Ligand SMILES: Cc1ncc(COP(=O)(O)O)c(C=O)c1O
């Protein structure tokens, strides 16, 4: 039976396919280091205890009817304070902040509020899911390849050829899938270019907007500081829509509380779109999240411990890969800066297995490593790039100990490839 052309041409997620393989092996009792999904194992990384207590309290208090369309006011107020405290930005809780069921509906609503079919949307490759949102809108997506020597972050020079006539520039930092971040200088150059472009557009032309996905902004390590377009260039306030939420920073992917903020004219349309989709966050979770954000001591304590553990897992993996590199293996990794991801290079595409199979794509190499080294990664091809020899490792569902235990197997498998 015929479906809509969008539905018929929708691509399934490559990550889900890999997860299927991992789950099949797990079902057979094989212990796999599952570094695939951008999620948390709640046994390793539970949500903050206070947040859990507040959620239970909110249900006991019967906070179970429809929330207001833009989110419960107390949550918007505490999001405004959180954003002000963490980034020094001032956003009005009545007109410029929107809550939804996780941050995905906010991304989709941003696209729906700004993009007409055929409009140009620029995004770096690798990046997360922009290709799918572009497809849903019938937009003209421009995936701009980025380079390992720039930590796979886009530069102004990379983006410049595509700025004219584009409607949306989708950026993310810390970036999924790489765990790398913009430097202030790097982002400033991009922001100046966007502002200059907007100043040159006529009043009846759509401006070039920035979707700034900062869902990992609280998960940064060492000297790597999160930075954003509006802090760098306040004139970009009218053109920037921020995407944020509790999924990653509070290990609360299943709690489904996201928040976005931006200019009132865009946010009010996004509110209507989220309302038509009914993609609100559950009310009890909103009430609880407001209370949790208010408890700054609990937030800070949680974030400190959580970041330490995530960093420890990332460092364990990073150090192991660099050790292999130093031993002469064709591998590499980029120092973890933020989020829950490590970028790993396995330069073995095109090699032949002991059984004579040629591993001619990064996906094939990945499946071979899953089956033989019991370690599961995601090739960057799942994030809109050409087939490269780079992979994402996500540490949210795997302990440092488990990661370490798989390195000898990985070494054996890589040694066997000719
Ligand atoms: C960059 C980025 N933005 C947004 C999301 C979606 O978050 P949520 O689970 O809150 O919808 C993810 C989830 O993986 C992500 O990696």
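Numbering (this note's numbering), first residue to last: 680 to 1097.
The C-beta atom is built at its ideal place from N, Cα and C for all residues, glycine as well.
Bear in mind the structure is a predicted one, so any value in this text is a computation, not a measurement.
Near ligand 1: residue 968 beta-carbon under 7 Å from a heavy atom: Translated into the one-based positions of the chain shown, residue 968 becomes position 289. For ligand 1, not one heavy atom lies less than 7 Å from the Cβ of residue 968.
Let's test the definition: count the other Cβ atoms within 10 Å of the Cβ of residue 892 and tell me whether it reaches 16, buried, or not, exposed. Here residue 892 refers to the residue found at position 213 when the chain shown is read from its first residue. Flag for residue 892 reads buried.
Can you find a heavy atom of ligand 1 that lies under 7 Å from the Cβ of residue 786? Numbered from its first residue, the chain shown carries residue 786 at position 107. Yes, the Cβ of residue 786 comes within 7 Å of a heavy atom of ligand 1.
Kindly give me the distance between the Cβ atoms of residue 1017 and residue 903, rounded to whole angstroms, as I take these residues to be in contact under 8 Å. The residue given as residue 1017 occupies position 338 in the chain shown. The residue given as residue 903 occupies position 224 in the chain shown. Right, their Cβ atoms sit about 6 Å apart.
Given a threshold of 16 other Cβ atoms within 10 Å of its Cβ, counted over all protein chains shown, does residue 1093 qualify as buried or as exposed? As a position in the chain shown, residue 1093 is number 414, starting the count at 1. So residue 1093 counts as buried.
At which residues does the beta strand (DSSP E) containing residue 1040 begin and terminate? In the chain shown, the residue the question calls residue 1040 occupies position 361. Taken as a continuous stretch (DSSP letters only), residue 1040 belongs to no beta strand (DSSP E), as it is neither H nor E.
Which residues in the same chain as residue 792 place their Cβ atom closer than 7 Å to its Cβ, once the five residues preceding and following it in sequence are excluded? As a working note, residue 792 is residue 113 in the chain shown. Closer than 7 Å at Cβ, skipping near neighbours: 945, 948, 949, 952.
Proximity test, residue 726 beta-carbon vs ligand 1 heavy atom, cut-off 7 Å: The residue given as residue 726 occupies position 47 in the chain shown. Answer for residue 726: no, Cβ out of range of ligand 1.
Residue 803: buried (16+ other C-beta within 10 angstroms of its C-beta) or exposed? Counting from 1 along the chain shown, the entry for residue 803 is found at position 124. With a threshold of 16 other beta carbon atoms within 10 Å, residue 803 meets it and is buried.
Residue 1083 beta carbon less than 8 Å from that of residue 995: As a first step, residue 995 must be located in the chain shown, where it is residue number 316. As a first step, residue 1083 must be located in the chain shown, where it is residue number 404. Judged by beta-carbon spacing, residue 1083 lies within the 8 Å limit of residue 995, meaning their Cβ atoms are closer than that value.
Under 8 Å by Cβ, that's how I've got residue 888 and residue 918 pegged, so tell me the actual separation to the nearest angstrom. In the chain shown, counting from the first residue as 1, residue 888 sits at position 209. In the chain shown, counting from the first residue as 1, residue 918 sits at position 239. So it is a contact: roughly 5 Å between Cβ atoms.
Just to confirm before moving on: does the CB-CB distance between residue 824 and residue 1071 stay below 8 Å? Mapped onto the chain shown, residue 824 falls at position 145. Mapped onto the chain shown, residue 1071 falls at position 392. Going by C-beta atoms, residue 824 is not nearer than 8 Å to residue 1071.
Measuring straight from C-alpha to C-alpha, what distance separates residue 879 and residue 920? Within the chain shown, residue 879 is the residue found at index 200, counting from 1. Within the chain shown, residue 920 is the residue found at index 241, counting from 1. Their Cα atoms are separated by approximately 21 Å.
If you draw a straight line from the C-alpha of residue 762 to the C-alpha of residue 1035, how long is it? Within the chain shown, the letter at position 83 stands for residue 762. Within the chain shown, the letter at position 356 stands for residue 1035. C-alpha separation (whole angstroms): 55 Å.
Own chain residues within Cβ distance below 7 Å of residue 1073, not counting five before or after: As a first step, residue 1073 is located in the chain shown; it is residue number 394 there, counting from the start. Within the same chain, residue 1073 has close Cβ partners 714, 715, 716, 717, 1019, 1020.
Compare the beta carbon distance of residue 796 and residue 816 with 8 Å and say whether it is the shorter of the two. Reading the chain shown from its first residue, position 117 is the one you call residue 796. Reading the chain shown from its first residue, position 137 is the one you call residue 816. Going by C-beta atoms, residue 796 is nearer than 8 Å to residue 816.
Grouping DSSP H, G and I as helix and E and B as strand, with all else coil, what is residue 771? Position 92 of the chain shown, counted from the start, is the residue given in the question as residue 771. Here residue 771 sits in coil by DSSP.
List in chain order: all unbroken alpha helix (DSSP H) runs of 4+ residues lying wholly within the stretch 824-886. 835-842, 863-879
CB-CB under 8 Å to residue 1078, same chain, minus the five flanking residues each way: which ones, in chain order? Within the chain shown, residue 1078 is the residue found at index 399, counting from 1. Result list for residue 1078: 723, 992, in chain order.
Nearest-residue set for ligand 1, Cβ under 6 Å from any heavy atom: 717, 781, 782, 783, 807, 851, 855, 892, 894, 924, 926, 932, 937
Determine the direct distance from the alpha carbon of residue 883 to that of residue 800, and round the result to whole angstroms. Working through the chain shown from its first residue, we reach residue 800 at position 121. Working through the chain shown from its first residue, we reach residue 883 at position 204. Their backbone Cα atoms lie some 19 Å apart in a straight line.
Tell me whether residue 786 is buried or exposed, calling it buried when 16 or more other Cβ atoms sit within 10 Å of its Cβ. Within the chain shown, the letter at position 107 stands for residue 786. By the neighbour-count rule (16 or more Cβ atoms within 10 Å), residue 786 is buried.
Inter-residue spacing [alpha-carbon to alpha-carbon] between residue 1081 and residue 988: Here residue 1081 refers to the residue found at position 402 when the chain shown is read from its first residue. Here residue 988 refers to the residue found at position 309 when the chain shown is read from its first residue. Each residue's Cα considered, the two are about 14 Å apart.
Spell out a yes or no on whether the stretch 1051-1062 and the stretch 687-696 are touching, meaning 3 or more CB-CB pairs, one atom from each, closer than 8 Å. Between the stretch 1051-1062 and the stretch 687-696 there are three or more inter-stretch CB-CB distances shorter than 8 Å, so the stretches are counted as touching.
Whose C-beta lies closer than 7 Å to the C-beta of residue 898 among residues of the same chain, with five residues either side of it excluded? The sequence position of residue 898 within the chain shown is 219, counting from 1. So the list reads 853, 927, 928, 986, 989, 1017, 1018, 1019, once near-sequence residues are dropped.
Can you tell me which residues form a DSSP beta bridge with residue 1058? Here residue 1058 refers to the residue found at position 379 of the chain shown. Bridge partners of residue 1058: 1070.
Leaving out the 5 sequence neighbours to the left and right, which residues in its chain are closer than 7 Å to residue 1097 when beta-carbon positions are compared? Mapped onto the chain shown, residue 1097 falls at position 418. Correct list, in chain order: 1030, 1031.
What are the complete alpha helix (DSSP H) segments, minimum 4 residues, inside the stretch 945-1016? 962-973, 975-1005
When the Cα atoms are used, what is the spatial distance from residue 913 to residue 939? Here residue 913 refers to the residue found at position 234 of the chain shown. Here residue 939 refers to the residue found at position 260 of the chain shown. Spanning the two alpha carbons is a distance of roughly 17 Å.
State buried or exposed for residue 858, treating a residue as buried only when at least 16 other CB atoms are found within 10 Å of its CB. If you number the chain shown from 1, residue 858 lands on position 179. So residue 858 ends up on the buried side.
In the DSSP assignment, find the alpha helix (DSSP H) that holds residue 699 and state where it starts and stops. Residue mapping note: residue 699 aligns to position 20 of the chain shown, counting from 1. DSSP places residue 699 in the uninterrupted alpha helix (DSSP H) bounded by 693-706.
Give me whichever residues DSSP pairs with residue 800 in a beta bridge. As a working note, residue 800 is residue 121 in the chain shown. Partner(s): 820, 847.
Are the Cβ atoms of residue 1090 and residue 1054 separated by less than 8 Å? Numbered from its first residue, the chain shown carries residue 1090 at position 411. Numbered from its first residue, the chain shown carries residue 1054 at position 375. With respect to residue 1054, residue 1090 sits apart: the two C-beta atoms are not nearer than 8 Å.
Could you pull out every residue in the same chain whose Cβ sits closer than 6 Å to the Cβ of residue 954, ignoring the five residues on either side in sequence? By 1-based counting over the chain shown, the position of residue 954 is 275. 748.
Between the CA atoms of residue 997 and residue 1006 - distance to the nearest angstrom: Numbered from 1 along the chain shown, position 327 holds the residue referred to as residue 1006. Numbered from 1 along the chain shown, position 318 holds the residue referred to as residue 997. So the alpha carbons of these two residues sit roughly 14 Å apart.
I need the straight-line Cα distance from residue 640 to residue 709, nearest angstrom please. Nothing can be reported for residue 640: it is not among the residues displayed for the chain, which extend from 680 to 1097.
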